[in-house]
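Data first, discussion second: the structure below is written as structure tokens.
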Amino acid sequence: MLGTRTVRVFADGFGGEVIRPGEPKYDAARAVWNGLVDRRPGLVVRPNGTADVVAALRFAREQDLVVAVRGGGHSIPGFSTCDDGIVIDLSRMRGATIDPAHRTAVCAGGALLSELDNAAQAVGLVCPVGVVSHTGVAGLTLGGGMGRLQRKFGLTIDSLRAVDLVTSEGGTVRASADENPDLFWGVRGAGANFGVATSFEYVLHPLDHPITHGTVVYPIERAGELAQLFTEISGTGPDELWLGFYIRLALPTEDFPPGIGGRPIAAVSVLHCGQPREAERDLGRLRAFGHPVAGSIEPKPHLAAQRLADVSSAWGHRFYMKSAFLRSLPGELVDMAVQHAHGIPEGAGGEFGFWSWGRAIAEVPEDATAFTGRTAAYWMGAEIQWDDPALDGPCREWARAGMADVGPFTTSGRYVNDVAEPRENARAIYGDGKYERLVGLKRIWDPDNVFRMNQNIRP
Ligand SMILES: Cc1cc2nc3c(=O)[nH]c(=O)nc-3n(C[C@H](O)[C@H](O)[C@H](O)COP(=O)(O)OP(=O)(O)OC[C@H]3O[C@@H](n4cnc5c(N)ncnc54)[C@H](O)[C@@H]3O)c2cc1C
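Each step along the sequence shown adds one to the number in numbering that gives the first Met the number 0, with nothing skipped, and position 386 is 385.
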């Protein structure tokens, strides 16, 4: 328990903001994205810069406090908050600075995807990041970073040049291919374990024309043949073309025709980052598939696509998911997803998503980064969102049951940022070999396991 005087002395010498239980800002400051998570930290501190992060960490260690580090606050298990300990909330350390001549970006440790997207697109450049623009750059990058540009430009970590970290000892260190390359290896996939990242440097890629993006929706009865088409186009389409195949409820009901709204449907989403005329050519087979019940594929600014899910994925809903990497997408897996979609608890929005994988992701050798799962053909996730606490059990159970039988179709590794269980076995995420290497790094950089609010590598 933190003494009032102890906190006052720390706050007097701290450059940033200090928020204590009972203060008017406390409830907003302790909230995180997932409404399932309700924790009460002893203190929330908001550093203005690296020196404040160092001071906060030193204080936490002196007082033997559990440390939670917060970037964008979107951790699904709620790792960026804690009970009783200290939250080091980087929300005052925002922004992305672009160097157009060298095609690089530097993001502060608390930046959001929207800041990187907006700044890069302003000069016709892009970094491959996730699909909801209020997600934190830090957590997403440190775990890997999937997104709709991944087949062309790879995971977010594949565009990462360097990271500046405050270590558990309160020192600062830079990790890149040239400086501390071993740490740089670990940071790219297991990064939340090694320090507080205060800045990220990325290489950017040209993207100065409209992308082609949207979704076509079909009755659930066509799920099997649509999945077949999805796998074929994923195999033959260019790197510019990302596809997602979904089995989900048609929500909100009023957006769909009578008889479809509120019921399970099958859908394919695409993002083609080539020129619009190339996209039309490459989407010919999907366009010819027949009469969708809804369709929205059209050229648009990349930033418009990046913001589309911001409201449906807004803060405060309750959320759970499970995911896996697949070697193939056989019909029986699609049938299983269709069957489970009929069992989504009433009052919840659930979906099975399958993303085309490979290409630029697979061009990086599997052992080049801690991230594990580059050789898969598809990523698959069962995701569910709801608001009524009475549905907590049924919704979690729905996602678990939906993924229970996918084992035979999976490849090694799991995406750490998708793991919703707070105490998952990290060995299963990285595999034995990488896990042992990560333990070695953890013993060097965080032997006392100060950074343990994560899928933890035990030193
Ligand atoms: C709505 C939504 C959409 C998503 N979409 C995608 C997607 O398209 N692609 C994808 O790959 N993932 C996606 N994710 C998953 C996302 O990558 C993870 O939830 C990620 O951890 C969020 O990062 P954050 O900074 O917002 O989270 P936080 O909750 O702040 O942090 C997540 C983890 O990283 C640590 N951390 C945060 N900041 C730092 C830092 N500066 N230094 C060291 N450690 C830090 C935290 O301690 C915690 O362990 C999505 C998640 C949500 C909720």
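C-beta: ideal position from N, C-alpha, C; glycine also. Here the structure is a predicted model, which is why all the values come from computation and not from measurement.
* N-terminal and C-terminal residue of the beta strand (DSSP E) that His271 is part of -> Pro263 to His271
* For chain B, is any of its Cβ atoms less than 8 Å away from the one on Phe450? -> The chain labelled as chain B is not found in the depicted structure, where only one protein chain is given.
* Close-in-space but distant-in-sequence residues of the same chain around Val36 (CB under 7 Å, 5 per side omitted) -> Within the same chain, Gly77 and Thr80 come within 7 Å of Val36 by CB-CB distance, once the 5 residues on both sides are set aside.
* Distance cut-off 7 Å: Ala67 Cβ against heavy atoms of ligand 1 -> Flag set: Cβ of Ala67 near ligand 1.
* Can you have a look at His73 and say buried or exposed, based on whether 16 or more other CB atoms are within 10 angstroms of its CB? => Label assigned to His73: buried.
* Asked: Cα separation between Thr409 and Ala323?
  -> For Thr409 and Ala323, the distance between alpha carbons rounds to 6 Å.
* Asked: With DSSP run on the structure shown, which of helix, strand or coil describes Tyr25?
  -> helix
* Asked: Quick one: is the Cβ of Asn117 within less than 7 Å of any heavy atom of ligand 1?
  -> no
* Using the DSSP secondary-structure output, state which residues sit across from Lys299 in a beta bridge. => Ile210
* Gln338 lies in the alpha helix (DSSP H); which residues open and close that run? -> Gly330 to Ala340
* To do: Provide the residue(s) that pair with Cys81 in DSSP beta bridges, ordered along the chain.
  => Answer by DSSP bridge pairing: none, since Cys81 is not bridged.
* Output the boundary residues of the alpha helix (DSSP H) element that contains Cys394. => In this chain, the alpha helix (DSSP H) harbouring Cys394 covers Asp391 to Met402.
* With a Cβ-Cβ cutoff of 8 Å, do Ala107 and Gly94 count as a contact? -> yes
* Straight-line gap, Asp387 to Gly346 (C-alpha atoms, nearest Å) -> 8 Å
* Asked: Val438 to Leu182, Cα distance in whole Å?
  -> 11 Å
* To do: Would you kindly work out how many angstroms separate the C-alpha atoms of Leu64 and Lys441, rounded to a whole number?
  => 19 Å
* Asked: According to DSSP, which residues form a beta bridge with Val186?
  -> Paired residue(s): none; Val186 is not in a bridge.
* Asked: For the candidate residues Cys394, Leu332 and Glu168, whose alpha-carbon lies nearest to that of Tyr319?
  -> Cys394
* To do: Determine the DSSP secondary structure at Ile360, reduced to helix, strand or coil.
  => Helix at Ile360.
* Asked: How many angstroms separate the CA atom of Cys272 from the CA atom of Ala303?
  -> 13 Å
* Asked: How is the beta strand (DSSP E) around Ala107 delimited, first residue to last?
  -> Thr103 to Ala107
* Within 7 Å: the Cβ of Ser79 and any heavy atom of ligand 1? -> yes
* Every unbroken alpha helix (DSSP H) within the region 200-254, with a cutoff of 4 residues, ordered by chain -> 222-235
* Asked: For ligand 1, any of its heavy atoms closer than 7 Å to the Cβ of Asn416?
  -> yes
* Asked: Of all the options Gly352, Arg45, Val131 and Arg4, which has the alpha carbon lying nearest to the alpha carbon of Ser312?
  -> If we check each option's Cα against that of Ser312, Val131 comes out closest.
* Is Ser198 helix, strand or coil by DSSP? -> strand
* **Continuous beta strand (DSSP E) stretch holding Arg39: start and end** => No beta strand (DSSP E) holds Arg39; DSSP gives it neither H nor E.
* Asked: Using the C-alpha atoms, what's the distance from Ala398 back to Asp281?
  -> 34 Å
* Pair every Cβ in the region 121-129 with every Cβ in the region 141-149, then say whether three or more of these pairs are closer than 8 Å. => yes
* **Pick from Arg457, Arg19, Leu250 and Arg326 that is closest to Asn424, judged by C-alpha positions** => Arg457
* Asked: Does the distance from the C-beta atom of Phe244 to that of Phe229 stay below 8 Å?
  -> Closer than 8 Å, so yes.
* Asked: So the beta strand (DSSP E) Ala376 belongs to, where does it begin and stop?
  -> Ala376 -> no beta strand (DSSP E), and no H or E assigned at all.
* Secondary structure of Phe193, DSSP reduced to three states -> coil
* To do: Look at the Cβ atom of Ala55, then the Cβ atom of Ile87, and state whether they are nearer than 8 Å.
  => yes
* Whole-angstrom Cβ separation of Val459 and Leu42, contact assumed at under 8 Å? -> Outside the shown range of the chain (0 to 458) lies residue 459, about which nothing can therefore be said.
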